[in-house]
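Chemist: Letter 79 of the sequence shown, counting from 1, is numbered 78 in numbering that gives the first Met the number 0, and no numbers are missing. What follows is a structure written as structure tokens; I'll ask about it next.
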Amino acid sequence: MARVVVNVMPKAEILDPQGQAVGRALGRIGVEGVTDVRQGKRFELEVADSVTKEDLEKVAEILLANTVIEDFEVVGFEVSE
Numbered sequence: 000m001a002r003v004v005v006n007v008m009p010k011a012e013i014l015d016p017q018g019q020a021v022g023r024a025l026g027r028i029g030v031e032g033v034t035d036v037r038q039g040k041r042f043e044l045e046v047a048d049s050v051t052k053e054d055l056e057k058v059a060e061i062l063l064a065n066t067v068i069e070d071f072e073v074v075g076f077e078v079s080e
């Protein structure tokens, strides 16, 4: 078994109102110097050794991300020996 992380983020050209709201709030709580905030999603999957990176990319593309407006990255996947 392995733990795999899939990060999903808005594409760079897509407006991110949630990230913008967080960015504005930083000044109100006295935090200076943060120039940009993008908010995304993180999924942690516990997977069997039989699951391939291609399987995980299919899951991310079909279920976890809206690929019209979001990019995804599969992190921590290593082939078992």
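Backbone N, C-alpha and C define an ideal beta-carbon position, used for all residues, glycine too.
Okay, do the region 4-20 and the region 51-66 touch, 3+ Cβ pairs below 8 angstroms being the bar?
Modeler: With a cut-off of 8 angstroms, the region 51-66 and the region 4-20 count as touching, because enough Cβ pairs lie within range.
Chemist: Can you list, in chain order, the residues of its chain whose CB lies under 7 angstroms from that of Asp15, leaving out five sequence neighbours each side?
Modeler: Within the same chain, Asp15 has close Cβ partners Pro9, Arg37 and Gln38.
Chemist: Rounded to whole angstroms, what's the CA-CA distance from Ile28 to Gln17? Just pull it up for me.
Modeler: So the two alpha carbons sit approximately 17 angstroms from each other.
Chemist: I'd like to know whether the C-beta atoms of Ala101 and Val46 end up nearer to each other than 8 angstroms.
Modeler: No statement about residue 101 is possible, as the shown extent of the chain runs from 0 to 80 and does not include it.
Chemist: For Ile13, which residues in the same chain have their Cβ closer than 7 angstroms to its Cβ, ignoring the five residues on either side in sequence?
Modeler: Counting only Cβ-Cβ distances below 7 angstroms, and skipping sequence neighbours, we find Ile68.
Chemist: Tell me the DSSP secondary structure of Leu63 in three-state form.
Modeler: Helix.
Chemist: In chain order, what residues of the same chain have a beta carbon less than 6 angstroms from the beta carbon of Ala64, not counting five sequence neighbours either side?
Modeler: Within the same chain, Ala64 has close Cβ partners Val7 and Phe71.
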